Each structure stands twice: as structure tokens, then as C-alpha cells.
Amino acid sequence: MEKALIAFAAALCVAAGCVTGIMEGKVAIQAVESIGKNPDAADKIQSMAIIGAAISETCAIYCLLVAFLIIFIVGA
Amino acid sequence: MFELQATVLSIIIITILLIVFLVILNGKLKKFDPMDEPKGLVLLAMVATQMVDKNVREKTNDKVAKYLTPYIMTVVMYIFMANISGLLSLEAPTSNYSVTLVLAAITCVLIEVYSAKARGAKGYIKSWFEPFAPFVVLNVFSRISTLLSLSLRLFGNILSGGILMSVIYQMLSAISSKIPVIGQLNIAGILVAPVLHFYFDLFSGAMQAFIFMTLTISFIGKELPEK
Chain A
1 MEKALIAFAA ALCVAAGCVT GIMEGKVAIQ AVESIGKNPD AADKIQSMAI IGAAISETCA
61 IYCLLVAFLI IFIVGA
Chain B
1 MFELQATVLS IIIITILLIV FLVILNGKLK KFDPMDEPKG LVLLAMVATQ MVDKNVREKT
61 NDKVAKYLTP YIMTVVMYIF MANISGLLSL EAPTSNYSVT LVLAAITCVL IEVYSAKARG
121 AKGYIKSWFE PFAPFVVLNV FSRISTLLSL SLRLFGNILS GGILMSVIYQ MLSAISSKIP
181 VIGQLNIAGI LVAPVLHFYF DLFSGAMQAF IFMTLTISFI GKELPEK
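Residue numbers (the working numbering), protein chains in the order written: chain A, 1 to 76; chain B, 1 to 227.
If you want it as C-alpha cells, here you go:
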């Protein structure tokens with residue numbers, strides 16, 4: 001029972017990270033749209049999009065970290 | 001008793017492979033006549049160096065790029081080789097948190113060094129207390145979060161890819177063991193696994209190496225004065 005709860009908690013952490021997937025998709029959509037409108041700025045937009053996606057990905061990374069902590073420290 | 005971890009073994013193998021490759025490349029480059037048309041390995045090295053150098057020069061200035069490009073090139077080569085080592089059925093070194101933490105720590109130290117160089121000693125100490133004194137807590141945490149996010153991004157991506165591949169292999173061998181006579185050969189694995197290897201090892205590995213490069217360059221470029 002206790003093990004099931006720990007696994008459920010870790011799964012919840014990963015589920016919280018799913019929102020990041022949707023939002024990073026939005027970053028990509030906006031980047032593609034703005035490159036379509038302004039092809040000359042493609043280089044700048046590309047690096048901006050990667051940095052934006054990387055910084056917003058931090059949230060998902062913390063979810064992963066917490067999931068690891070739950071599995072390996074609480075679960076051990 | 002001394003016991004070698006699987007990732008440490010693959011670190012040694014990859015380092016030896018990289019050294020051999022670079023020694024061969026060095027020999028070819030020394031023999032290469034600049035007037036000739038480059039081809040083969042020489043062409044590959046030239047294109048890769050030009051790509052990285054262009055990326056570095058865009059974000060930083062020429063003086064910094066002279067020292068930064070070799071570092072970035074080394075890190076990208078190492079990360080790429082480490083990420084695709086799943087193809088050689090080694091355990092990827094980047095799925096060991098110590099490796100990615102060290103790589104991210106080097107980047108973080110470089111960021112601080114370039115920040116100190118650009119601002120001077122007084123300005124550097126002041127930058128920890130910007131915009132005013134109580135913000136020192138937030139500044140410390142923002143430095144730590146850079147380290148954590150850089151290392152954990154690489155680690156999480158590669159580790160989850162490796163775990164998924166091993167789970168998929170187990171599932172496929174369980175499925176193909178239902179086939180009579182030739183079931184032990186893992187037929188389903190031979191058919192399905194290459195596509196997944198392409199995504200999880202090659203694509204994801206190259207992507208993560210590229211992202212690590214871009215982030216390192218732009219974090220360092222952020223600390224430099226405006227051109």
C-alpha cells in the first residue's frame with residue numbers, strides 16, 4: 001500500500017510536468033509563425049525560442065527531480 | 001573490493017575512441033594543403049568548426065570566441081559521442097548525474113569568470129547585490145538554478161531515453177518469445193528497435209548536445225558588455 005502511494009506521488013509529479021510540454025509547443029508555434037512573417041530574423045528568433053523553451057523547461061526538470069527524490073529517497 | 005560502474009567503463013571507452021579519432025584527424029589536417037578541395041574527414045571537421053564558430057561569434061565578441069570555441073567544440077563532441085553510445089550498447093555516460101553535473105559546473109564557472117572579467121572586481125561583487133542588498137538570496141538561487149537546470153536537462157533526457165529503450169527491449173523479447181521455434185532470437189526487437197534507437201539515441205542525443213551548446217553560449221554572451 002505504502003509503495004503504491006509513493007509510486008502515485010512520483011506519477012503525479014511527472015503529470016504536473018506535462019503542462020510544460022503544451023507550453024513548449026506554443027513556443028515552437030510562435031517561433032514558426034514569426035519566422036513566417038519575418039524570415040530575415042530567423043537566426044535571432046531561433047536562439048530566442050531555444051532559450052525560452054529551455055528556461056520554461058526548468059519547471060519540468062524540477063518535476064523530474066522531485067520524482068527522482070520521491071522514488072529513490074522516500075521509496076528506498 | 002574495487003568495482004567498475006557501467007557508466008565509468010563507457011566513459012573510458014568513449015574517451016579512447018575520441019582520442020583515436022582526433023589523432024587521426026590531426027594527422028589528416030597536418031597533411032592537408034589549404035589550396036586543395038577538402039573532402040572526407042577534413043571537410044566534416046571544417047564544417048563543424050565553422051558552424052560552432054559562427055554560433056559563438058554571433059553571441060559573443062571575437063576576443064572571447066578565440067578561447068570559447070575550442071571549449072564548446074570539445075564539449076559538444078563529448079556530449080554527442082556520449083549520447084549516441086547507446087548505439088554501441090554501452091550505457092550512456094550522460095545518464096550518470098556526476099558527468100552532467102561536472103559539465104554544467106564548468107559552464108557555470110566560465111559564466112562567473114567572464115562576468116568578473118567584463119565588470120571588474122568591484123562590479124562583480126556588486127552584481128551579486130543587484131538591484132539592492134536583500135536580493136543576494138535571489139541571485140545565489142538563480143546561479144544554483146542555472147547549474148541544476150543545465151545538468152538535469154541533459155541527465156533526465158538521456159536517462160529516460162535509456163530506461164525507455166531497455167523497457168521496450170524487455171517487452172519486445174517477451175512478445176517474440178511467444179513465436180515458436182525462432183522466438184528466442186527477439187524478432188520483434190530487430191524490427192522495431194532501430195526506429196526507436198534513431199529517435200532516442202541519434203536525434204535526442206544530437207538535439208541535447210546542440211541545446212547545451214546554445215545555452216552555454218547565450219548564458220556567457222549575456223554576461224559580456226554590449227558590442
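Virtual Cβ for every residue (Gly too), placed ideally from N, Cα, C. It should be emphasised that the depicted structure is a prediction, and the values quoted were computed from it without experimental measurement.
Which of helix, strand or coil DSSP assigns to A/Met1: coil
Closest by C-alpha distance to B/Pro225, when choosing among B/Tyr124, B/Leu172, B/Phe203 and B/Phe155: B/Tyr124
Start-to-end residues for the alpha helix (DSSP H) that takes in B/Asp62: Here the alpha helix (DSSP H) through B/Asp62 covers Asp62 to Asn83.
Beta-carbon proximity of B/Leu153 to B/Cys108, cut-off 8 Å: First, the residue type needs correcting, since residue 153 of chain B is Arg and not Leu in the sequence shown. The answer is no: Cβ separation not under 8 Å.
Local conformation of B/Ile182 per DSSP, three classes: coil
Of the listed residues B/Leu29, B/Arg119 and B/Phe80, nearest to B/Met207 (C-alpha basis): B/Phe80
Where B/Lys59 falls, given that 16 or more other Cβ within 10 Å makes a residue buried: buried
Simplified DSSP state of B/Gly40, which is helix, strand or coil: coil
Bounding residues of the alpha helix (DSSP H) (the contiguous stretch that carries B/Pro194): Residues Ile187 to His197.
Outcome for B/Asp36 when other beta-carbon atoms lying within 10 angstroms are tallied against a minimum of 16: In this structure B/Asp36 is exposed. Its beta-carbon is surrounded by fewer than 16 other beta-carbon atoms within 10 angstroms.
Cα-Cα separation, B/Gly205 to B/Ala104: 16 Å
Selection from B/Pro131, B/Gln5, B/Ile19 and B/Val8 that minimises the alpha carbon distance to B/Thr74: Comparing Cα positions, the closest option is B/Ile19.
From B/Ile220, B/Glu3 and B/His197, residue whose alpha carbon lies closest to that of B/Ser115: B/Ile220
Nearest-angstrom Cα separation, counted from B/Ala45 out to B/Met51: Taking the straight line joining both Cα atoms gives about 10 Å.
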